[in-house]
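What follows is a short report on a single structure.
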Amino acid sequence: MKTDRIYPRYTITPKAEASILRGHPWVYDAEILSTEGTAENGGLVDVLSGKGRYLGTGLLSERSKIRVRLISRNANDRFDEAFWRRKLQWAWDYRKTVMAPEDLDACRAVFGEADGFPGLTVDKFHDLLSVQVLSVGMERIKGLLLPLLAEILRRDGHPIRGIFERNDAALRDKEGLPQFKDWFPLPGAPAPETPLVEITENGVKYLVDVENGQKTGFFLDQKYNRRCVARLAAGRTVLDCFTHTGSFALNAALGGADHVTAVDVSASAVELARANAERNGLTERMDFLAADVFDLLPALEREPRRYDFIILDPPAFTKSRQTVKNAMAGYKEINYRAMRLLPRGGYLATCSCSHFAEEERFTAMLSEAARDAAVQLRQIEARQQGCDHPILWGVPETNYLKFYLFQVI
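Going left to right, the sequence shown walks through residues 7 to 415 as my numbering numbers them.
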């Protein structure tokens with residue numbers, strides 16, 4: 007290893023070495039054979055093969071089963087401000103390249119491991135940043151990273167008036183980190199008076215609450231999938247299930263749907279969807295219903311057919327491998343019911359946002375649902391998350407969203 011840096015050294019198993027060489031940045035606690043030197047929690051360590059080959063440098067998490075998260079595979083890197091500024095600039099330049107300028111108003115600016123910032127998520131909502139820090143290593147250096155990112159965005163014509171930390175995720179417990187929500191003290195800028203901000207996505211205006219909204223405030227990963235739904239919705243009667251704040255429903259209505267019914271089990275979510283419809287002047291062609299989709303779809307089978315386009319965007323039914331079987335049963339139930347409700351020639355948009363509901367399982371479930379519903383699916387498109395949530399090959403955890411558009415024939 008040709009370097010004069012001195013970091014603690016962690017020697018790992020051949021299995022872990024093979025994983026790193028395939029591109030995965032994680033080393034689990036059980037994969038560490040020996041250590042040399044004393045490392046601080048959240049500090050830097052070098053990772054070596056059993057034969058002493060340098061494999062990378064990462065951030066140590068003493069409390070987590072994911073013991074080391076790599077940030078570099080270059081033995082000559084210096085992990086100073088210039089290093090992190092360069093990585094943040096790369097992340098923003100990537101988004102400027104792959105996204106249209108108008109799509110940068112609301113986008114994911116940093117997507118964890120896919121951008122080389124393990125455990126860090128940053129979403130840009132117009133002039134606010136909503137941040138989630140899920141690793142102790144990123145927690146230690148967030149005071150450096152977040153002002154740097156705000157500076158990069160300001161210089162590019164995107165001034166940031168506030169940064170809100172949505173560190174209320176249970177994953178922080180596994181890192182020994184406290185959960186909290188609060189404004190990050192951005193140098194030279196007082197904390198904003200409100201966590202509310204208006205964004206525009208696909209021509210639709212939304213009021214985003216970075217403090218109390220889901221995850222970081224709004225689900226940005228379906229941006230381009232919503233655009234596809236808008237194109238298909240023209241002239242159709244649409245049922246949007248699990249509408250949350252109404253994003254798919256609003257895109258369908260703005261796309262020219264004759265009528266859209268937006269459904270969610272949460273009454274407060276339905277009210278937010280209604281408010282967003284009013285914000286966009288779309289209430290005349292929309293109605294809103296607080297109901298359990300699992301109860302609603304069978305009930306609709308007993309009524310005359312009303313919908314020729316159904317959208318299924320459920321929350322993650324599984325967040326672990328242990329619950330995948332039950333989750334797939336839930337996915338099958340709603341897809342089966344939707345296929346039975348649709349007329350021949352009707353359209354179905356269906357998706358899963360769970361990494362553990364792997365694509366092979368998901369498509370097999372759809373095939374079974376179609377067989378049981380006695381219909382055939384004509385695939386229009388198979389899509390994934392937006393390009394601001396890049397999929398890093400070798401890191402399957404970054405590949406989580408499955409989205410399909412079908413015609414039922």
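Just so you know, even glycine gets a beta-carbon here, dropped at the ideal spot from N, CA and C.
Local conformation of residue i per DSSP, three classes
i      : result
Tyr313 : coil
Met144 : helix
Glu136 : It is worth fixing the name first, because residue 136 is Ser in this sequence and not Glu. Looking at Ser136 - three-state DSSP - the assignment turns out to be strand.
Thr6   : Outside the shown range of the chain (7 to 415) lies residue 6, about which nothing can therefore be said.
Gln228 : coil
Glu42  : strand
Ala375 : helix
Glu217 : coil
Lys71  : coil
Cys359 : coil
Met7   : Residue confidence for Met7 is low, a pLDDT of 43 falling below 50, so the modelled location carries little weight; the figure read from the coordinates is stated next. Three-state DSSP puts Met7 in coil, outside helix and strand.
Val266 : strand
Gly336 : helix
Asn173 : strand
Ser25  : helix
Ile205 : strand
Ser253 : helix
Tyr406 : coil
Cys234 : helix
Leu295 : strand
Ile77  : strand
Phe323 : coil
Inter-residue CB distance, residue i and residue j (contact presumed, cutoff 8 Å)
i      : j      : result
Tyr16  : Val74  : 6 Å
Gly261 : Ala236 : 3 Å
His250 : Glu204 : Not a contact, Cβ separation roughly 17 Å.
Lys408 : Phe368 : 5 Å
Ala379 : Met334 : Contact flag wrong, Cβ pair sits at about 16 Å.
Residue i, buried or exposed, once every other Cβ within 10 Å from all chains shown has been counted against 16
i      : result
Gln228 : buried
Lys8   : With a pLDDT of 46 at Lys8, under the threshold of 50, the predicted position of this residue should be treated as unreliable, and no value is reported.
Ile415 : exposed
Ile12  : exposed
Gln382 : exposed
Gln138 : buried
Thr44  : exposed
Gly56  : exposed
Gln328 : exposed
Arg343 : buried
Gly29  : exposed
Glu199 : exposed
Pro201 : buried
The alpha helix (DSSP H) enclosing residue i, as first and last residue numbers
i      : result
Arg91  : 87–104
Ala275 : 273–285
Arg350 : Note, Arg350: premise wrong, no alpha helix (DSSP H); not H, not E.
CB contact flag (residue i, residue j, <8 Å)
i      : j      : result
Ile166 : Leu135 : yes
Leu76  : Gly58  : no
Tyr353 : Leu238 : yes
Val401 : Ala175 : no
Ile169 : Leu192 : yes
Leu348 : Glu387 : no
Pro14  : Val51  : yes
Val269 : Asp301 : no
Val244 : Ile317 : yes
Val266 : Ala275 : no
Ala112 : Glu207 : yes
Lys180 : Arg311 : no
Boundaries of the beta strand (DSSP E) in which residue i is found, first to last residue
i      : result
Leu65  : 60–66
Ile386 : 383–389
Thr6   : The shown model of the chain, from 7 to 415, leaves out residue 6, and the question about it has no answer.
Arg114 : 112–117
Thr127 : 126–131
Trp399 : Careful: Trp399 lies outside any beta strand (DSSP E) and carries neither H nor E.
Leu54  : 50–54
Any C-beta of chain B under 8 Å from that of residue i
i      : result
Glu403 : Chain labels in this structure do not include chain B; a single protein chain is all it has.
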